[in-house]
Structures are given as C-alpha cells and as structure tokens.
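Peer 1:
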Amino acid sequence: MELENIVANTVYIKAKKSGLDKDKGRSKKWRTLLALPHILTCWHLQNELELTYDYIVGQQPIGKRLFWSFCDSDEKLCRITGLLDLINEFEVCQDRERAMLREQLLQHFSSEVLQISCLIEGKNLECLQESLRSGSDEGSSETFFKPIASDLENYLKELPFTAFIRSIYFARYLQWKALERLPVTKHTFRMYRVLGKGGFGEVCACQVRATGKLYACKKLEKKRMKKRHGENMALTEKDILQKVNSRFVVNLAYTFETKESLCLVLTIMNGGDLKFHIHNMTNATGLGECRSRFYAAEIALGLEHLHSKRIVYRDLKPENILIDDQGHVRISDLGLAVVIPPDGSVKGRVGTAGYMAPEVVMNTRYTFSSDWFGFGCLVYEMIMGHAPFRKRKERVKREEVDRRVCEESEEYNEQFSESAKMLCHMLLQKDPAHRLGSDPEGSAAVKSHSWFAHVNWARLEAGLEEPPFMPDPHAVYAKDVLDIEQFSTVKGVTIDVQDVAFYTRFCSGAESIPWQNEASFFREIVPARLTSLSVMIETECFDDLNEFFELDGRLVENLDRNRPPPAAPPPRTSIFKRFFRKSNSSSQSVTAGIQTTHGRTQPSISTTSRSLTPTADSAVGSHAVLHGPTVDPLESLPEWVYPPTSSNPIPVDDNTPEPVVDASIDINHKLATEDKIRSAQLLINHEPVPHSRASHLFVCCTGAFSE
Numbered sequence: 001m002e003l004e005n006i007v008a009n010t011v012y013i014k015a016k017k018s019g020l021d022k023d024k025g026r027s028k029k030w031r032t033l034l035a036l037p038h039i040l041t042c043w044h045l046q047n048e049l050e051l052t053y054d055y056i057v058g059q060q061p062i063g064k065r066l067f068w069s070f071c072d073s074d075e076k077l078c079r080i081t082g083l084l085d086l087i088n089e090f091e092v093c094q095d096r097e098r099a100m101l102r103e104q105l106l107q108h109f110s111s112e113v114l115q116i117s118c119l120i121e122g123k124n125l126e127c128l129q130e131s132l133r134s135g136s137d138e139g140s141s142e143t144f145f146k147p148i149a150s151d152l153e154n155y156l157k158e159l160p161f162t163a164f165i166r167s168i169y170f171a172r173y174l175q176w177k178a179l180e181r182l183p184v185t186k187h188t189f190r191m192y193r194v195l196g197k198g199g200f201g202e203v204c205a206c207q208v209r210a211t212g213k214l215y216a217c218k219k220l221e222k223k224r225m226k227k228r229h230g231e232n233m234a235l236t237e238k239d240i241l242q243k244v245n246s247r248f249v250v251n252l253a254y255t256f257e258t259k260e261s262l263c264l265v266l267t268i269m270n271g272g273d274l275k276f277h278i279h280n281m282t283n284a285t286g287l288g289e290c291r292s293r294f295y296a297a298e299i300a301l302g303l304e305h306l307h308s309k310r311i312v313y314r315d316l317k318p319e320n321i322l323i324d325d326q327g328h329v330r331i332s333d334l335g336l337a338v339v340i341p342p343d344g345s346v347k348g349r350v351g352t353a354g355y356m357a358p359e360v361v362m363n364t365r366y367t368f369s370s371d372w373f374g375f376g377c378l379v380y381e382m383i384m385g386h387a388p389f390r391k392r393k394e395r396v397k398r399e400e401v402d403r404r405v406c407e408e409s410e411e412y413n414e415q416f417s418e419s420a421k422m423l424c425h426m427l428l429q430k431d432p433a434h435r436l437g438s439d440p441e442g443s444a445a446v447k448s449h450s451w452f453a454h455v456n457w458a459r460l461e462a463g464l465e466e467p468p469f470m471p472d473p474h475a476v477y478a479k480d481v482l483d484i485e486q487f488s489t490v491k492g493v494t495i496d497v498q499d500v501a502f503y504t505r506f507c508s509g510a511e512s513i514p515w516q517n518e519a520s521f522f523r524e525i526v527p528a529r530l531t532s533l534s535v536m537i538e539t540e541c542f543d544d545l546n547e548f549f550e551l552d553g554r555l556v557e558n559l560d561r562n563r564p565p566p567a568a569p570p571p572r573t574s575i576f577k578r579f580f581r582k583s584n585s586s587s588q589s590v591t592a593g594i595q596t597t598h599g600r601t602q603p604s605i606s607t608t609s610r611s612l613t614p615t616a617d618s619a620v621g622s623h624a625v626l627h628g629p630t631v632d633p634l635e636s637l638p639e640w641v642y643p644p645t646s647s648n649p650i651p652v653d654d655n656t657p658e659p660v661v662d663a664s665i666d667i668n669h670k671l672a673t674e675d676k677i678r679s680a681q682l683l684i685n686h687e688p689v690p691h692s693r694a695s696h697l698f699v700c701c702t703g704a705f706s707e
C-alpha cells in the first residue's frame, strides 16, 4: 500500500534528521547505556592491550584525544602538539588560507625556537623558516614539514608517552576500551525501513540508541546462508571489512546475531548508488566530466587503500559505488574481494560481465590490474552513460560480452575530452602489463594523470573538498518498501552445534575504530598521520562523559579507587513477577520492597556540576609527571581486578503453619478447602500492591476471599 511506504519513509527521514541532533537522536537513557565502568573493573586491560604510541595515539581516535589532553597540561608539550596541528592544517588548507597560516607558523617557530629547537634538526628548521618568509612553500610539505613532524613525534613517543601511561588519562582510556567491549545485541539499535536486499537477506536502516548514529544493517539469514553454503564467503567479507578503515570504503561498525540472522552493521549511504544516478537521474547521458572526475578520484583513493592492505576488490561497477548524505562516494560490497599474499597472485573468474578484465575472463592469474580495468569501465560509463562493452538495455549473451572485452576496443564521442579519452584508453588496455596502474607505481601513476591535474589529493583525502552534487535530505534514494522483493521461507534446514560455533566466531561486537569515531565523532584530517584536534563532533558523547574531577577537586567516582564500584543492579524481571513478589517478615522490608518494585532503580547521577579541566591543586597531568616529583597518579590502583562484592539476598523463611483439616470431611469439600488455603497462603507471602486496580487484579487472579 502507498500509505505503508509513506509511513516508512517519514519515520526514516525523521531518524536521519535526529541523527544530526544529539538531543533528538540519543536515547533518554544514553548516560546509562554509555556509563563508564569503574577503574578497578577494567585496570586488567593494560595487560591485554598494545601499549605503544603507534597504536594508542596513531590508530585509536579516543587514545589520541586523551593523549592530546594530557599534553595540554604541560607548556612544552602543548607547544609541540600545537605545532603539529598547524603543520597538518597547513598541508590541507586552500590557497586563500595559506598566507594566514604561513604567518602563524613563522610566529610559532620564531617564539618557540628556544623551546623545541633541540628536537628538530637545525638545517631543516632554517630552510623551512626561509621558505615561509619567501612564500615559496610549494614543496615544503615533503621537504621540511614531514621531517620536522617526524622529529616531534619521535620525541612524544619517549618520555611524554611513558608519563601518559602513568596518568589518569590512560586510566580513562582503559575505561573507554572496557565500554567498547560490551556485548552488542538487537536491542542496541532501532530498526527502520528496508533499503534493499543482498544475497542472503535484507538491508535496512538502523540507529544506535546510545549515540543516535545511523547505520545500514545487512542481514544474513542463517538458514539461507547454510543452504547455499555461504558461510566462508560471509566470514571472508567480514574479515576483510575488519582490515579496512577508509572514508572511501564502507566500514564495518558492529557484528551481532539474532535468532534468525547474522547482522553486519555498516556505514549508511543515503544518496543511492551510481547506477541509479547515471541511468535514472540523467536519462543515460552521463554525469559530465566535472562530477565524474570527483567520483573517480575518490574511488581511486578507495582502491589505493584496499591495495595497500593487499586486497583485490574484483567487482567494481556502478551498483557498488554508493553516495552518502554529503555527496561523497564509497566502495561497497566486498563479498568477492580477496587478500593476496606478498609477491603472490590470485586466480578466479569472478565479477560482473562487462566489467571483468580480460585476464579474469580468460581465467589466468592476476593481482591488482583487474581493479584498474574495472575502474576504467566505471569512468567511461560515468561520462558516456553506458558501459564500454555493453549498451544500456542491450540484449546480448554473456559470451558475446566477454568476447568484446577481450577483442574489441571501446568507442568515444564528443562527451570525452582528450585527457579523459587518454585516461580511459590507458586503463582499458587488454594487456595488464601495459595498463595504467599495473606498473610498480600503482595508484600513484593513476593519480598523476593529466585528467586529475586540478585535484587537490590532500584535501580530497581529508574529506574537505566540496562535492559537485548534494543528495536531497528529504528524499529516500531507495525503492518503495513493497517493491523490494521479499525472500521466500527456507525449509528443510536445521541449525546444529557446529553452526552455533560459527555464529559465535562471526559475531565480534563493536569494531574499535568505528566505535570510537561514533562515540566521539573524531574525524581524522589525514588518516595515516597525526592531525588537528579542531575536529567535527556531532553527538558529543565523548565530551559529555569525559569528566575527570568534581567541583571540589576530587576525582570522579569511577576513577577513584577509594570509592569502590557500586554493586550491580538486580536483573529486570517480568511484570508478572513484579506483581507477585515475596515479602520480608517485617513491614518495613515490605515497604522498601514495594518502592524497589515500582520505582526502577537507576544509576545515581550526581547533580553537582563537574569540571572537565583539572584544577591546579587536584590535577595530575603531564607537567607534574614530567617536571615534578615522581608521583604515580594511579599508585593506589591494584595490579589485578578486585571484583565487586555483591550481597546475597536473605531468603524468605516461610513458617506459615499448615491448617489441620478433618479427615472425615468428604473429598470435594477437602479439595475446596485446600484451594482456599493455597490462595490465602499466596496472599500472605506476597507484598500488597498499593494501586487499587492492581490490587483488584491481584485478588481476582489469586482467588483470595476477603473477610
């Protein structure tokens, strides 16, 4: 029905808007869902995690933010991190901003040369200052900035990082890592409309209750996957997704299971796929060179990231290129991707007809060359409006398409500029040895082609370039709910013990980097390097929860070992058990029990305002660790976890005497009497319900008789 589709789209669009507003997207219980555990319960994680600078600061978004906060408490370290931020900002800034940043860098180096000159090689520092004064900083990044940034990072890896490990900031890092490891279930998300379908199940939109972040949930039906022997394919896709962390490839955020399905929670792309935009929004006339160049450049960066992980994609086509809310594209569906060993190659005739390279069609061995052939097909189709070896809606057999790929040359028209024509011709070479991108330079050769001459690759990689097309936020780029064909019921398949073991292996919960980016929305400017902390924070969960000290200067409760962790709250029970709870012997216990029953216990949240910035008397930061006496801020923390003691409830002692019944009474009268005794016994052993309707319901259910 049309009404059903309207309702589904309205709810989904409202969810998209709420995801941009922290107050609307979050659950009302978000503080409870993201409550940081007590330090005593997670201190043992230091023995399980990799405690290196490259891992904590270089790879963990929250780890870097906490280390930067630690450095802010020392003047010298604050200058170093500030200089690193300026360098990274200078590398990706636009030309009109470069003059202002050049002045800031000159002031930074001039005023702080006495502070940090010992950390930087003198020759590099003098040459950089001269380059900044003259304004000839075209090659400054490769020549001077990178060596200087490397020198500063090498210093931070030594004493400052060692001091960080002994600070309360590292303790907070352990708390976030413990929170990251909490189990993930279907109750972690809100589910919305179906967006499409995959090979083993539907793809629907979902939203994390705690943060309001929107994702796409790809469901793999257990019985359907087992019937089609797709377990290895699903596990391979999941393992490859775990290795990928790029803004140009769809990333895996969570994996969990329900009774019927395994679920992959992925980056949501609300703008539709390139096939829809090429053939439905432009009447198959192409996207134009400007828009095609932007998409091609981002796809090239995605392929570059995959190839750096030794991953061959093997299924590049318009359907697998998705557009997000901001107009950027990502590579999706890594089901056919494969990891090749060093100095090795792969063999397999996999992909989509018309986009497979000749070496794939002929079933010979290949490496990354097949992806660059598919890239050429994609660039051609974006400009021309149809694939190079098969026109739109052309009815032709697969064998004929394969013959064209291996033997015929593509045709060009006036829609192609000379540089675009040359790029496609070099990418669509039949011999992989002569194909652009297949040489040792790889993606660098593609990026240096004249068609990409005006692309600012640093800004594009940072996500700072403005896309040429912005999807309508009020539109849903998906088929109607009822137009998406539903899967049939799978019969004759049973789940056994081996399947359960596979599901346990498959479901690993939250993925570290995507989860931390979600919790803090810490967006790296250049992913492989230290970057500026002037980041885009959308949900602000990290800032709202990252409290160290209370107003009186004391550590917050979850960081203070002198205040042990509170006992775990009792498990929630069903409504039936809440009505029929046994009481303690005293009326005072009964009253307390009623309050507990009808008032759900919530973790206590102090109304006292707290400060994120440590006070001078209470803060134990990098300055105290580096320049003051050797004091371990966590010296009182134990080496092992002290499990919280839980008080066992005192069992209710039921000493109600059994009434004496005359044996001479007939059997019917005896049964009726025993029934009344049991009802009265039940009434005595349960708490009274203070609400009149509930009391009436209770009396009716128990069959008790009032006097």
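The UniProt record's numbering numbers the first residue of the sequence shown as 1 and each following residue consecutively.
Even for Gly, the Cβ is constructed at its ideal location relative to N, Cα and C.
#1: Expressed to the nearest angstrom, what Euclidean distance is found between the alpha-carbon atoms of Leu252 and Leu266?
#2: Give the single residue among Leu264, Thr367, Ala478, Arg181 whose Cα lies nearest to the Cα of Ala8.
#3: Which one or two residues does DSSP pair with Ile331 in a beta bridge?
#4: Just to confirm my understanding: we take Arg224, look at its own chain, exclude 5 residues before and 5 after, and list those with CB closer than 6 Å. What are they?
#5: So if DSSP puts Lys219 in a beta bridge, which residue, or which two residues, is it bridged to?
#6: Which whole-angstrom value is the C-beta distance of Ser292 and Val379, which I expect to be below 8 Å?
#7: Phe416 lies in the beta strand (DSSP E); which residues open and close that run?
#8: First and last residue of the beta strand (DSSP E) that includes Ala387?
#9: Determine the DSSP secondary structure at Ala205, reduced to helix, strand or coil.
#10: Just how far apart, CA to CA, sit Leu3 and Val11?
#11: CB-CB under 6 Å to Asp72, same chain, minus the five flanking residues each way: which ones, in chain order?
#12: With a threshold of 8 Å, are at least 3 pairs of Cβ atoms found where one atom belongs to the region 409-425 and the other to the region 364-384?
#13: According to DSSP, Leu555 sits in a beta bridge with which residue or residues?
#14: Starting from Phe189 and walking both ways along the alpha helix (DSSP H), at which residues does that stretch end?
#15: Answer with buried or exposed for Thr211, where buried requires no fewer than 16 other C-beta atoms within 10 angstroms of its C-beta.
#16: Just to confirm my understanding: we take Lys197, look at its own chain, exclude 5 residues before and 5 after, and list those with CB closer than 8 Å. What are they?
#17: Where Val446 and Thr504 are concerned, what is the direct C-alpha to C-alpha distance, given to the nearest angstrom?
#18: Do Leu182 and Ile240 have their C-beta atoms closer together than 7 Å?
#19: Met269: buried (16+ other C-beta within 10 angstroms of its C-beta) or exposed?
#20: In chain order, what residues of the same chain have a beta carbon less than 6 Å from the beta carbon of Asn5, not counting five sequence neighbours either side?
#21: Determine the DSSP secondary structure at Phe256, reduced to helix, strand or coil.
#22: Is the CB of Thr267 under 7 Å away from at least one CB in chain D?
#23: With DSSP collapsed to three states, give me the class of Leu287.
#24: Using 10 angstroms around the beta-carbon of Arg349, count the other beta-carbons present and answer buried if the total reaches 16, otherwise exposed.
#25: Would you kindly check if the distance between the Cβ of Phe368 and the Cβ of Val312 is under 7 Å?
#26: For Ser308, which of Gly442, Met100, Lys213, Val556 has the nearest alpha-carbon?
#27: Would you say Ala458 and Val92 are within 7 Å of each other, going by their C-beta atoms?
#28: How many angstroms separate the CA atom of residue 720 from the CA atom of Lys213?
#29: CA-CA distance, Ser18 and Gly25?
#30: Work out the CA separation of Gly302 and Ser448 for me, nearest whole Å.
#31: Which residues does DSSP pair with Asp496 in a beta bridge?
#32: On a CA-only basis, which of Thr573, Asp499, Ile165, Leu322 is nearest Met470? Give me that one, please.
#33: Just to confirm my understanding: we take Asn363, look at its own chain, exclude 5 residues before and 5 after, and list those with CB closer than 8 Å. What are they?
#34: For Tyr173, which three-state DSSP category applies?
#35: If you compare alpha carbons, which of Ala433, Glu75, Pro570 is closest to Pro160?
#36: Going by Cα to Cα distance, which pick from Ala567, Asp544, Ile495 is closest to Glu231?
Peer 2: In this structure, then:
#1: By one-based count along the sequence shown, residue 252 stands at place 252. By one-based count along the sequence shown, residue 266 stands at place 266. Distance between the alpha carbons of Leu252 and Leu266 is about 5 Å.
#2: For the purposes of this step, residue 8 is identified with residue 8 of the sequence shown, where counting begins at 1. Cα-wise, what sits closest to Ala8 is Ala478.
#3: The residue given as residue 331 occupies position 331 in the sequence shown. According to DSSP, which records beta bridges pairwise, Ile331 is partnered with Val249, Ile321.
#4: Locating residue 224 in the sequence shown gives position 224, counting from the first residue. Phe200, Val490.
#5: The residue given as residue 219 occupies position 219 in the sequence shown. Paired residue(s): Cys263.
#6: Within the sequence shown, numbered from 1, the residue matching residue 292 stands at position 292. Within the sequence shown, numbered from 1, the residue matching residue 379 stands at position 379. Separation of the CB atoms of Ser292 and Val379 is rounded to 6 Å, and the pair is thereby assigned contact status at 8 Å.
#7: The sequence position of residue 416 within the sequence shown is 416, counting from 1. Careful: Phe416 lies outside any beta strand (DSSP E) and carries neither H nor E.
#8: Reading the sequence shown from its first residue, position 387 is the one you call residue 387. Looking at the DSSP string, Ala387 is not in any beta strand (DSSP E), and its letter there is neither H nor E.
#9: Residue mapping note: residue 205 aligns to position 205 of the sequence shown, counting from 1. Strand.
#10: Working through the sequence shown from its first residue, we reach residue 3 at position 3. Working through the sequence shown from its first residue, we reach residue 11 at position 11. Spanning the two alpha carbons is a distance of roughly 12 Å.
#11: Reading the sequence shown from its first residue, position 72 is the one you call residue 72. Cys78.
#12: Three or more beta-carbon pairs drawn from the region 409-425 and the region 364-384 are found closer than 8 Å, and the two stretches are therefore classed as touching.
#13: Walking along the sequence shown from the start, residue 555 turns up at place 555. Phe549, per the DSSP bridge assignment.
#14: Translated into positions along the sequence shown, residue 189 becomes position 189. Element bounds for Phe189: not the alpha helix (DSSP H) but the beta strand (DSSP E), 189-197.
#15: Taking the first residue of the sequence shown as 1, we reach residue 211 at position 211. Looking at its Cβ environment, which holds 16 or more other Cβ atoms inside 10 Å, Thr211 is buried.
#16: Here residue 197 is taken as the residue at index 197 of the sequence shown, counted from 1. Result list for Lys197: Val203, Ile484, Glu485, Phe487, in chain order.
#17: The sequence position of residue 446 within the sequence shown is 446, counting from 1. The sequence position of residue 504 within the sequence shown is 504, counting from 1. Thr504 has its alpha-carbon roughly 42 Å from the corresponding atom of Val446.
#18: Counting from one through the sequence shown, the residue named residue 182 turns up at place 182. Counting from one through the sequence shown, the residue named residue 240 turns up at place 240. No. Outside cutoff.
#19: Here residue 269 refers to the residue found at position 269 of the sequence shown. Flag for Met269 reads buried.
#20: The sequence position of residue 5 within the sequence shown is 5, counting from 1. Counting only Cβ-Cβ distances below 6 Å, and skipping sequence neighbours, we find Asp480, Val481.
#21: Here residue 256 refers to the residue found at position 256 of the sequence shown. DSSP places Phe256 in strand when its eight states are reduced to three.
#22: Here there is only one protein chain, and chain D is not present.
#23: Looking up residue 287 in the sequence shown gives position 287. Leu287: coil per DSSP, three-state reduction.
#24: Position 349 of the sequence shown, counted from the start, is the residue given in the question as residue 349. Per the 10 Å Cβ criterion, exposed.
#25: In the sequence shown, the residue the question calls residue 312 occupies position 312. In the sequence shown, the residue the question calls residue 368 occupies position 368. Yes.
#26: Translated into positions along the sequence shown, residue 308 becomes position 308. The candidate whose alpha carbon is nearest that of Ser308 is Gly442.
#27: What you label residue 458 is simply residue 458 of the sequence shown in a count that begins at 1. What you label residue 92 is simply residue 92 of the sequence shown in a count that begins at 1. Closer than 7 Å, so yes.
#28: Residue 720 cannot be examined here, being either before or after the span of the chain that is shown, 1 to 707.
#29: On the sequence shown, position 18 is the one that residue 18 refers to. On the sequence shown, position 25 is the one that residue 25 refers to. Each residue's alpha carbon lies about 4 Å from the other.
#30: Residue mapping note: residue 448 aligns to position 448 of the sequence shown, counting from 1. Residue mapping note: residue 302 aligns to position 302 of the sequence shown, counting from 1. About 16 Å.
#31: On the sequence shown, residue 496 is found 496 positions in, with the first residue counted as 1. The partner list for Asp496 (beta bridge, DSSP) is empty, contrary to what the question assumes.
#32: Locating residue 470 in the sequence shown gives position 470, where the first residue counts as 1. Out of Thr573, Asp499, Ile165, Leu322, Leu322 has the C-alpha closest to the C-alpha of Met470.
#33: Walking along the sequence shown from the start, residue 363 turns up at place 363. Shown here for Asn363: same chain residues with a beta carbon closer than 8 Å to its own, the five before and five after excluded, namely Lys347, Gly348, Arg349 in chain order.
#34: Here residue 173 is taken as the residue at index 173 of the sequence shown, counted from 1. Three-state DSSP puts Tyr173 in a helix.
#35: Walking along the sequence shown from the start, residue 160 turns up at place 160. Checked all of Ala433, Glu75, Pro570; the closest Cα to Pro160 is Glu75.
#36: Along the sequence shown, one-based indexing puts residue 231 at 231. Answer by Cα proximity: Ile495.
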